[in-house]
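To start, the structure itself, in structure tokens.
Number of protein chains: 4
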Amino acid sequence: MVKVSVIGATGYAGAELLSILIRHPQAQIAHITSESHTGKKISELYPHLRGLCYLTLESLADIESIGADSDFIFIALPHGHAMDAGLKLDKLPVRIIDLGADYRFSDTDVYEAWYKVPHKHKDAHRVYGLAEIYRNQIRDAKIIGNAGCFTTALVKHHLVDANSIIVDAASGVSGAGRGLKLGNHFAELYDNFKAYNVAHHRHTPEIEQALKDLGGEEIIINFTPHLVPMSRGILATCYATLKENVSGEMVDATFHKMYGGEKFIRLLGRDAYPETKFVRGSNYCDLGWHIDERTHRVIILSAIDNLVKGAAGQAVQNFNIAAGFYESIALDVVPFYP
Amino acid sequence: MVKVSVIGATGYAGAELLSILIRHPQAQIAHITSESHTGKKISELYPHLRGLCYLTLESLADIESIGADSDFIFIALPHGHAMDAGLKLDKLPVRIIDLGADYRFSDTDVYEAWYKVPHKHKDAHRVYGLAEIYRNQIRDAKIIGNAGCFTTALVKHHLVDANSIIVDAASGVSGAGRGLKLGNHFAELYDNFKAYNVAHHRHTPEIEQALKDLGGEEIIINFTPHLVPMSRGILATCYATLKENVSGEMVDATFHKMYGGEKFIRLLGRDAYPETKFVRGSNYCDLGWHIDERTHRVIILSAIDNLVKGAAGQAVQNFNIAAGFYESIALDVVPFYP
Amino acid sequence: MVKVSVIGATGYAGAELLSILIRHPQAQIAHITSESHTGKKISELYPHLRGLCYLTLESLADIESIGADSDFIFIALPHGHAMDAGLKLDKLPVRIIDLGADYRFSDTDVYEAWYKVPHKHKDAHRVYGLAEIYRNQIRDAKIIGNAGCFTTALVKHHLVDANSIIVDAASGVSGAGRGLKLGNHFAELYDNFKAYNVAHHRHTPEIEQALKDLGGEEIIINFTPHLVPMSRGILATCYATLKENVSGEMVDATFHKMYGGEKFIRLLGRDAYPETKFVRGSNYCDLGWHIDERTHRVIILSAIDNLVKGAAGQAVQNFNIAAGFYESIALDVVPFYP
Amino acid sequence: MVKVSVIGATGYAGAELLSILIRHPQAQIAHITSESHTGKKISELYPHLRGLCYLTLESLADIESIGADSDFIFIALPHGHAMDAGLKLDKLPVRIIDLGADYRFSDTDVYEAWYKVPHKHKDAHRVYGLAEIYRNQIRDAKIIGNAGCFTTALVKHHLVDANSIIVDAASGVSGAGRGLKLGNHFAELYDNFKAYNVAHHRHTPEIEQALKDLGGEEIIINFTPHLVPMSRGILATCYATLKENVSGEMVDATFHKMYGGEKFIRLLGRDAYPETKFVRGSNYCDLGWHIDERTHRVIILSAIDNLVKGAAGQAVQNFNIAAGFYESIALDVVPFYP
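Residue numbers (my numbering), protein chains in the order written: chain A, 1 to 338; chain B, 1001 to 1338; chain C, 2001 to 2338; chain D, 3001 to 3338.
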């Protein structure tokens, strides 16, 4: 058994992580923390865990001793806070999987420009935790900067004009966290649809970083998130102009070559329509694509569960890789339907 | 009092039309029809109308006598059926407002190519019923082809590359009608988000027609609709690349010049976020726009209620214009919130 | 024109009240207040009111001058606060319609026992604002204590065992207000159903008061509210054991005698099923009832919109009565469907 | 490995059953049937099963050969059809778990009176499949008539007046099945709440049968179901008058004695509020209860997931008992939250 701890266990991503780890046959949850609920049982906060998890929330003030008693630490804190924890754990053998943004960027200048906070841990031995693309580096990185949920929904574009990419995405409200905001109030959100953070969403630069790592050239994209009156799920609708002479068959072949062997990517094929409902609760990313002959654009549709493949499931997938386990342990669940 | 009749009164658009006409002080509803419910009271089908509307549904088999007894006829039938009615009413003085697609195209070849049915009434004296743009022609047209709901959400683009336009839209399920389909089942639709008809949605050519009429040049766009787990509302997110030297201020000025005097268009301004919730139940179209300096694109957000500004409200606005009434009669309602 | 002001205009009931008053042809909104948003335009807080209401929120610190400049004042404050306002306005000719609980009880001891605060205005000239029952007293009362939303959904029981009454009710979340609570978060409320305040809900004693006023004997009931994942609506399912020899026809006759002439009560009849959807946005109370021969119980179903008949609509109905207007002015709207 | 087959696999209960059986380490799914989709792959109908289940739907015309190739058969057909299957399988060693009503009643006259069809298999060796109460009989019954979802939500009442029981229940729409009905349309159901089948719901007699088996006396109850705009979950609010001298402590003790050792019943305790959200996706039944001193009634709240504890989970629990497995295999999942 590998001992794991969760720092910041009481947000939605933290709770999802506990759900997955509870059913992980080779992980033992050692410590869980929450600053606002220190001393409470997790099952008081999350009644669905009654009878399933008996742990009491600790404070991360003791993070060094938690680190000394853990093989892996998952951090589910707002950006800016994981760096502090990472620094304190730097000398210990414990490895870190950060669900936030602090360790996602190879160029910390980009982080500082978009997140408006100084980076305190620039020399961390880290890797971007998008398993399908950076699997080999994940195996022995000290810190794994789990990919942002929107990035995960993206795909490699090799056959398209670099600067023609538009990502139009829609997310369920659990992506906005459990915090109390008027926009999350049921009466405000139901029967409503809106965009937010147009041209300024912080997942933009990590999508660009991954695209550059894949394609070798600088890429600037438009990324527009929308809020859907639902709990879970992200659907990304990605537009790109195909280079001349690129055919639908070449697009098909690229997808199958790149993702055909991936367990958690289900290629639904050309002209297919992924729906967020059909990946809900699972670590799957469902992909479909369409060619518009009139405009010579490819439109790629990608569906994930933001709390699983977009957060906790991705984190456990990275954990499985890093710990040397079979990659899908505890993640081979049937999507929750209807 | 002007006598009006509604052909096909039992779909969602028909029901919304009745709701508006019931409160219209200068319209008297003379006849309503339904082929599947002939002989029933409308309040049996729509219990919310109990005590408010006592009419009984007739058959459109009698459409000539209905036409002879009406000043205006609203048609809310599936495409392909309004043409038959239009032909039969051609010799009568009654005027027609069609909520469907049959009379939307000046070029009936385009209609036939996208709708896959022959057009039977090519010489109809008709106009495209988008009031803000075709107001003058609406005043005395025999037939008004009410604008499709998605088109309505569009705006004139003068300062952008003609072939850079992408319209990414999301609609509530009432836009799919009252028919029984698995995709409309609550358990299937809730907590779900998906695209449909990528590159093939039939509102594409009428958007292109309106853009051509406005800008004078052929325009080919990408239009991608999505289905949102909500009842009413359309939000269109429109992307276009600005021509060089076009500034944000020039964009602002264009919107104010074009729509500043329109009662039913509320310009929220640059960097604003329209939400479908805030136009629900009303004839408003709320507009906001954003300039992305990095990609030199403008992103325009436009929110309407698909059943009102996108269907029944637009129809009554056209009716008011055509009948010579003040344009906002029966339409000056407060949006329904929360 | 009658000048009206709204104290506490920024909650859901306050916003609904503004929506109704905006369309009231004989009311002019003079002042609106909010302590947390003093100085802001109401349309900033409620974007659906853009272009429809240009008022700026004031503080109720100036309530005497607001009172001097108003014919009627609506108070939409949490319980305990209307009394302070009522005392300050006691000497002015302005009349008060309180949407809260402070003036609902003829016996202020009952108020104090259930609300746990001392009553400061015991000698107020007040009446319980349930128009269908207390219409005559409403005409000239100084203060009208608007009926609680659940009470409104109740009906007179004459033919039943006094102590057999159970009221099982379910309400949309707008009844819980616009405040930020975890239970109102979309992700928590959707796909969830729960009871709350079993045996302790504060609307219990006013239901008992109304039943006693109607029937002449002390009645103790069970009242259990539930929270439904929807925005608006209350359905009350009321159980009572019929006295021996009481037949279904006698029940029918009682309902028709009592409510047959009421504009806002729609008697759907025996074996009918009211649905909250069909009264949404309107001042209607839809009633249906069932006789269970096996248990000799009557089951009464009653549907209202909690924000309209249960709050703002009821208040305007009382206002119309008190001001001598036709009772349904500004309230004769078509329910909002679907 | 035990070979199991599912007759009628394409309804919501059938699909849930597949989800559970897929993760059951000792069950191998041999055959699945559907009359309307014979020959199709299950993953075409249920895209969430892509990559997880490769079976093709067969016809139940071959039920004898399916029966010969199975150790257990689950039947998820509408009432009236399981009897036909049961008769055909009578001579084979295969055992049957019926999710419908055909085998729930020891007195088939009661079945015929409520379901209005003749019973064709009156001498079947059957047991009512409510595991917590009839566990011992389940072990070797040929046919297990799985308990109706509402019954499951009930509890033993020993301390109350036999004829004072009222069960007021609310269910998500998946309980109404996947069939297309107007009432299941998203636009009709959202923001709506209604009762149905007042005094006539067919789960009434099986609740009465279970209560009689437990308490030894004839009991007649009122049972009122409601439809909630959500997908899954049932909350039952049960009222009963306590006998004189019965105290809250006696109620508490009875619950703990009866259910304290049950793995799938979580006793939240007196004054607790179960919510359907916290059992969603799991086989748990959460119980809380309240004593109203004013009316001397006990109010019991009981939450289940209608598709799991109310259907497929209960069926697998019965299967585990009947097959001699540990009772919670494949059922020890974390509820799906949020």
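Heads up, the beta-carbon is just placed ideally off N, CA and C, and yes, glycines get one too.
Because the structure is a prediction, the values reported are computed rather than measured.
Chain D beta carbons: is any one of them nearer than 7 Å to that of residue i?
i: residue 256 of chain A; result: no
i: residue 339 of chain A; result: A question about residue 339 of chain A goes unanswered here, because the residues of chain A that appear run from 1 up to 338.
Just reading off the alpha helix (DSSP H) that residue i is part of, what are its end residues?
i: residue 1255 of chain B; result: 1248-1259
i: residue 318 of chain A; result: 313-323
i: residue 3110 of chain D; result: 3108-3115
i: residue 210 of chain A; result: 204-215
i: residue 1084 of chain B; result: 1082-1088
i: residue 1013 of chain B; result: 1012-1022
i: residue 3068 of chain D; result: 3063-3068
i: residue 3075 of chain D; result: First-last for residue 3075 of chain D: 3072-3075, but that is the beta strand (DSSP E), not the alpha helix (DSSP H).
When the Cα of residue i is compared with those of the options, which residue comes out closest?
i: residue 2240 of chain C; options: C/2270, C/2190 and C/2298; result: C/2298
i: residue 1033 of chain B; options: B/1049, B/1206 and B/1010; result: B/1010
i: residue 2061 of chain C; options: C/2072, C/2038 and C/2071; result: C/2038
i: residue 223 of chain A; options: A/8, A/208, A/247 and A/229; result: A/208
i: residue 1092 of chain B; options: B/1289, B/1324 and B/1072; result: B/1072
i: residue 1283 of chain B; options: B/1237, B/1336, B/1248 and B/1220; result: B/1336
i: residue 1143 of chain B; options: B/1163, B/1180, B/1131 and B/1090; result: B/1090
i: residue 40 of chain A; options: A/256, A/125, A/184 and A/57; result: A/57
i: residue 2308 of chain C; options: C/2281, C/2295, C/2296 and C/2287; result: C/2281
i: residue 1005 of chain B; options: B/1013, B/1015 and B/1070; result: B/1070
i: residue 3030 of chain D; options: D/3013, D/3074, D/3086 and D/3043; result: D/3074
i: residue 3321 of chain D; options: D/3084, D/3195, D/3304 and D/3138; result: D/3138
i: residue 1175 of chain B; options: B/1306, B/1328, B/1059 and B/1338; result: B/1306
Using 7 Å as the limit for Cβ to Cβ distance, is residue i near chain C?
i: residue 334 of chain A; result: no
i: residue 99 of chain A; result: no
i: residue 19 of chain A; result: no
Can you give me the start and stop residues for the beta strand (DSSP E) that residue i sits inside?
i: residue 1098 of chain B; result: 1095-1098
i: residue 3007 of chain D; result: 3002-3007
i: residue 3269 of chain D; result: 3265-3270
i: residue 3135 of chain D; result: It is not in any beta strand (DSSP E) - residue 3135 of chain D instead sits in the alpha helix (DSSP H) that spans 3131-3138.
i: residue 300 of chain A; result: 297-304
i: residue 2361 of chain C; result: A query on residue 2361 of chain C cannot be resolved here, the shown segment of chain C reaching from 2001 to 2338 and no further.
Consult DSSP for residue i and reduce its assignment to one of helix, strand or coil.
i: residue 2275 of chain C; result: strand
i: residue 1240 of chain B; result: strand
i: residue 3338 of chain D; result: coil
i: residue 3192 of chain D; result: coil
i: residue 3284 of chain D; result: coil
i: residue 1225 of chain B; result: strand
i: residue 245 of chain A; result: coil
i: residue 1291 of chain B; result: strand
i: residue 1031 of chain B; result: strand
i: residue 3058 of chain D; result: strand
i: residue 171 of chain A; result: strand
Any beta carbon from chain B within less than 7 Å of residue i's own beta carbon?
i: residue 233 of chain A; result: yes
i: residue 2022 of chain C; result: yes
i: residue 2337 of chain C; result: yes
Self-check item: Residues within the stretch 196-222 of chain A neighbouring chain D, beta-carbon criterion of under 9 Å
Solution: For the stretch 196-222 of chain A, which is checked against every Cβ of chain D, not one residue is closer than 9 Å.
Quiz prompt | Cβ-based contacts, 9 Å cut-off: residues of the stretch 3297-3309 of chain D near chain C | solution = Of all residues in the stretch 3297-3309 of chain D, 3297, 3299, 3301 and 3303 have a Cβ within less than 9 Å of some Cβ in chain C.
Quiz prompt | Where the stretch 2259-2291 of chain C meets chain B: residues whose CB sits under 9 Å from a CB there | solution = For the stretch 2259-2291 of chain C, residues whose beta-carbon sits nearer than 9 Å to a beta-carbon of chain B comprise 2263, 2266, 2268, 2274, 2275, 2277, 2278, 2279, 2280, 2281, 2282, 2284 and 2286.
Practice problem: Scan the stretch 3102-3135 of chain D for residues whose Cβ lies nearer than 7 Å to a Cβ of chain C and list them as they occur along the chain. | Solution: For the stretch 3102-3135 of chain D, there are no residues whose beta carbon sits under 7 Å from a beta carbon of chain C.
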